[in-house]
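Our numbering puts the sequence shown at residues 521 to 967.
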Amino acid sequence: MSKKKLKLCIKILLCMLLADGVFLLYKYNEMRQTSGASVAAFKPSNVLNSLKFGNRKDIFKRYRNKDRNLSLKQVNAILNLKDLAKVRSQYTKKGNESVQSVLLLKTHKTGSSTIQNILLRYAILRNLTIALPAFKASFFWPLPFDAEEFVTKQKGITKYDFLVHHSKFHEAEMKIIMKPEAKFITILRDPVSLFKSAFAYYNMHSVRCFNTSIENIMYSPYIDRIQATGRCISGLPVSNLQAFDLGLSMEQMDTASVDNLIQQLDRVMNIVIITEYFDESLILLRKKFNWELADIVYFKQNAQNGRSTRKASHPRKINKFIARLNGADIQIYKHFKQKFLNELDETFTKDELQSELNALHKLQGNYLDQCVETLAIANSSYFNYLTQNQIYFRPYGSNTLGYVLRNSAKSDINCRLMALPELSITYFLKGVAARPVSFSERKSPNF
521 MSKKKLKLCI
531 KILLCMLLAD
541 GVFLLYKYNE
551 MRQTSGASVA
561 AFKPSNVLNS
571 LKFGNRKDIF
581 KRYRNKDRNL
591 SLKQVNAILN
601 LKDLAKVRSQ
611 YTKKGNESVQ
621 SVLLLKTHKT
631 GSSTIQNILL
641 RYAILRNLTI
651 ALPAFKASFF
661 WPLPFDAEEF
671 VTKQKGITKY
681 DFLVHHSKFH
691 EAEMKIIMKP
701 EAKFITILRD
711 PVSLFKSAFA
721 YYNMHSVRCF
731 NTSIENIMYS
741 PYIDRIQATG
751 RCISGLPVSN
761 LQAFDLGLSM
771 EQMDTASVDN
781 LIQQLDRVMN
791 IVIITEYFDE
801 SLILLRKKFN
811 WELADIVYFK
821 QNAQNGRSTR
831 KASHPRKINK
841 FIARLNGADI
851 QIYKHFKQKF
861 LNELDETFTK
871 DELQSELNAL
881 HKLQGNYLDQ
891 CVETLAIANS
901 SYFNYLTQNQ
911 IYFRPYGSNT
921 LGYVLRNSAK
931 SDINCRLMAL
941 PELSITYFLK
951 GVAARPVSFS
961 ERKSPNF
């Protein structure tokens, strides 16, 4: 490279850096003026992160309906449409007795991805309509759900049977696009356990959040701000995540607001699944929805590699501090856990429940033996075999476990549906919905 060209490249690079600096300084000053926040809360280095988590209203339109649709070849590589059409003929609606429309309010770090997979499988096998996010696999969380702006438009569909992707609860908006008979469900997890999981998963030890390990969070240099706002410096919600997902803002975590939310959820939610009673919750759901046992069989989704998720025992004072930090979640969880246990006792005797659990575990074991060759983490070579379409089974997150199917099961629709991660199924559905004939109109598919 000549000296002239080198000088020109250096000048261009300097101009780009200067432009970026001016932009960040502008956004920094704008945020200070509009939000009244402290200088420490909005350093220039945190502007892009705060845009990601806190100021998405002005940017979501840029991404809405911008997903790249899969080609027909790619769609078939995930789930072969002709095979799916054959399998669908085995599934018939049971009429009014069986629930055919469900909204899952998907909460973070609770096991909701496994529930989502169960519901997606149920809907796909019965050719029911599924509301899809306008961008990727979230209805623009953390913004409150918006029926007009956040949902992918599908030809001829105004009311959907299922909605199961991440969203922030907004009852009125969600009912706009759900069928009147839709059942609403959600899932809750012990808030202390959830916080520890989220702390590791979202790297909350970093300088953009607590800037310390979970054992020392009480002494974090940012703890006062986090306790006051419920957010990291980056804008990421870190406390009361379940209350936030269920519709409250970080400014509404007081006892009265939480009581009002509990009353609303009592009225709206047909069942609240409890993570610590996961299988028992599924048994109760099956009973209430009049589903078959095979409908609730599952392979765990988004499970983390055991070496990175050993349960650490923390001093009691740490657990108590985490509980205080998540007071709204504790209030909600205690209410619905007790309500769930009461309903479980009213619905099943101990022997009946144990019999149902044994049957579920046996069937689950049969599917695992039939379908799965091994488990592997996302960056394993198992998920790099493009010619065998294994790439579509690669889970999200480097330490997340995915399923490697047996050769004999790779064309089995049920095995594939249970093993596929959320993103692959979502893009499959979007690829089908983008074709000239809408997914919902294929009552007798002829692909």
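All C-beta atoms in this analysis are idealised placements derived from N, C-alpha and C, irrespective of residue type, glycine included.
Closest residue to Asn919 among Ala843, Lys837, Leu663 and Tyr722 (Cα-Cα distance): Within the sequence shown, numbered from 1, the residue matching residue 919 stands at position 399. When only C-alpha atoms are compared, the closest one is Tyr722.
Span of the alpha helix (DSSP H), counted from its first residue to its last, around Val712: Here residue 712 is taken as the residue at index 192 of the sequence shown, counted from 1. Note, Val712: alpha helix (DSSP H), Pro711 to Tyr721.
7 Å Cβ shell around Ser733 - same chain, five flanking residues per side excluded: On the sequence shown, position 213 is the one that residue 733 refers to. Cβ within range, chain order: His725.
Residues that Gly922 bridges to, as DSSP identifies them: The sequence position of residue 922 within the sequence shown is 402, counting from 1. Paired residues: Ala896.
Val792, DSSP secondary structure in three states: By one-based count along the sequence shown, residue 792 stands at place 272. In this structure, Val792 counts as strand in the three-state DSSP scheme.
DSSP-derived helix/strand/coil call for Ile945: Looking up residue 945 in the sequence shown gives position 425. DSSP places Ile945 in helix when its eight states are reduced to three.
Own chain partners of Ile842 with C-beta closer than 7 Å, once the 5 adjacent residues on each side are dropped: Locating residue 842 in the sequence shown gives position 322, counting from the first residue. So the list reads Val712 and Phe715, once near-sequence residues are dropped.
Val671 in three-state terms, based on DSSP: The count along the sequence shown starts at 1 and reaches residue 671 at position 151. Reduced to three states, the DSSP call for Val671 is strand.
Where the beta strand (DSSP E) containing Thr706 begins and where it ends: What you label residue 706 is simply residue 186 of the sequence shown in a count that begins at 1. Where Thr706 is concerned, the enclosing beta strand (DSSP E) stretches over Lys703 to Leu708.
Whole-angstrom C-beta distance between Asp710 and Glu693, which should lie under 8 Å: For the purposes of this step, residue 693 is taken as residue 173 along the sequence shown, with counting starting at 1. For the purposes of this step, residue 710 is taken as residue 190 along the sequence shown, with counting starting at 1. At roughly 29 Å, the Cβ-Cβ gap does not stay under 8 Å, so Glu693 and Asp710 are not in contact.
Where Ala953 sits in the DSSP three-state scheme: Residue 953 sits at position 433 when you count from the first residue of the sequence shown. Looking at Ala953 - three-state DSSP - the assignment turns out to be helix.
Contact the stretch 924 to 938 vs the stretch 646 to 656: 3+ CB pairs below 8 Å: no
Residues sharing a beta bridge with Ser658, DSSP: Within the sequence shown, residue 658 is the residue found at index 138, counting from 1. DSSP lists His686 as partners of Ser658.
contact_flag[the stretch 878 to 891, the stretch 743 to 757] where n(CB pairs < 8 Å) is 3 or more: no
For Gln824, three-class secondary structure by DSSP: Locating residue 824 in the sequence shown gives position 304, where the first residue counts as 1. Gln824 falls in the strand class under three-state DSSP.
Coil, strand or helix - Ile816 by DSSP: Indexing the sequence shown from 1 puts residue 816 at position 296. Note: Ile816 maps to helix in three-state DSSP.
Backbone CA spacing between Ala953 and Asn589 [nearest angstrom]: In the sequence shown, residue 953 corresponds to position 433, counting from 1. In the sequence shown, residue 589 corresponds to position 69, counting from 1. Cα-Cα distance, rounded: 9 Å.
Leu464 - containing beta strand (DSSP E), residue span: The structure shown has nothing for residue 464, since the chain only spans 521 to 967.
Beta carbon of Tyr912 nearer than 9 Å to that of Ala597: By 1-based counting over the sequence shown, the position of residue 912 is 392. By 1-based counting over the sequence shown, the position of residue 597 is 77. A contact, by the Cβ cut-off of 9 Å.
Backbone CA spacing between Ser875 and Glu800 [nearest angstrom]: Position 355 of the sequence shown holds residue 875. Position 280 of the sequence shown holds residue 800. Looking at the two C-alpha atoms, the distance is approximately 11 Å.
Those residues which DSSP pairs with Tyr680 across a bridge: As a position in the sequence shown, residue 680 is number 160, starting the count at 1. In DSSP, Tyr680 forms a bridge with Met698.
Span of the alpha helix (DSSP H), counted from its first residue to its last, around His628: As a first step, residue 628 is located in the sequence shown; it is residue number 108 there, counting from the start. Here His628 belongs to no alpha helix (DSSP H), and DSSP marks it neither H nor E.
Nearest-angstrom beta carbon gap, Gln851 and Val758 [assumed within contact, 8 Å]: On the sequence shown, position 238 is the one that residue 758 refers to. On the sequence shown, position 331 is the one that residue 851 refers to. In fact, because the Cβ distance is near 18 Å, the residues do not count as touching under 8 Å.
CB contact flag (Phe704, Val622, <9 Å): In the sequence shown, residue 704 corresponds to position 184, counting from 1. In the sequence shown, residue 622 corresponds to position 102, counting from 1. Yes.
Min CB distance Leu645 to chain B below 9 Å: The structure shown contains no chain B, having only a single protein chain.
Cβ distance (whole Å) where Phe809 is taken to contact Ser944 below 8 Å: For this step, residue 809 is matched to residue 289 along the sequence shown. For this step, residue 944 is matched to residue 424 along the sequence shown. About 26 Å separates the two Cβ atoms, so there is no contact after all.
Endpoints, alpha helix (DSSP H) assigned at Met724: Sequence index remark: in the sequence shown, residue 724 carries index 204 (1-based). Neither: Met724 is in no alpha helix (DSSP H) and is coded neither H nor E.
Element boundaries [alpha helix (DSSP H), containing Gly885]: As a first step, residue 885 is located in the sequence shown; it is residue number 365 there, counting from the start. Residues Lys870 to Cys891.
Local Cβ density within 10 Å of His881, reported as buried at 16 or more and exposed below that: Within the sequence shown, residue 881 is the residue found at index 361, counting from 1. Per the 10 Å Cβ criterion, exposed.
Closest residue to Gln821 among Gly631, Ile530, Val607 and Ile794 (Cα-Cα distance): Your numbering for residue 821 matches position 301 in the sequence shown. Looking at the Cα atoms, Gly631 is the closest of the given residues.
Cβ separation of Leu625 and Asp765, assumed to be a contact under 8 Å, to the nearest whole Å: For the purposes of this step, residue 625 is taken as the residue at position 105 of the sequence shown. For the purposes of this step, residue 765 is taken as the residue at position 245 of the sequence shown. About 7 Å; that satisfies the 8 Å criterion.
Length of the line joining the Cα atoms of Ser1013 and Gln772: Past the edges of the chain, shown from 521 to 967, lies residue 1013, and the structure says nothing about it.
Same chain, Cβ closer than 8 Å to Leu768, five either side skipped, listed in chain order: Start at 1 with the first residue of the sequence shown, and residue 768 comes out as number 248. Once the five neighbours on either side are set aside, the close Cβ partners of Leu768 are Asn760, Ser777, Val778, Leu781 and Ala848.
Straight-line Cα distance separating Phe856 from Thr869: Numbered from 1 along the sequence shown, position 349 holds the residue referred to as residue 869. Numbered from 1 along the sequence shown, position 336 holds the residue referred to as residue 856. Taking the straight line from one Cα to the other gives about 20 Å.
Counted within 10 angstroms of its Cβ, other Cβ atoms place Glu942 as buried (16 or more) or exposed: What you label residue 942 is simply residue 422 of the sequence shown in a count that begins at 1. Glu942 should be labelled buried.
Where Leu663 sits in the DSSP three-state scheme: Taking the sequence shown and counting its residues from 1, one reaches residue 663 at position 143. Here Leu663 sits in coil by DSSP.
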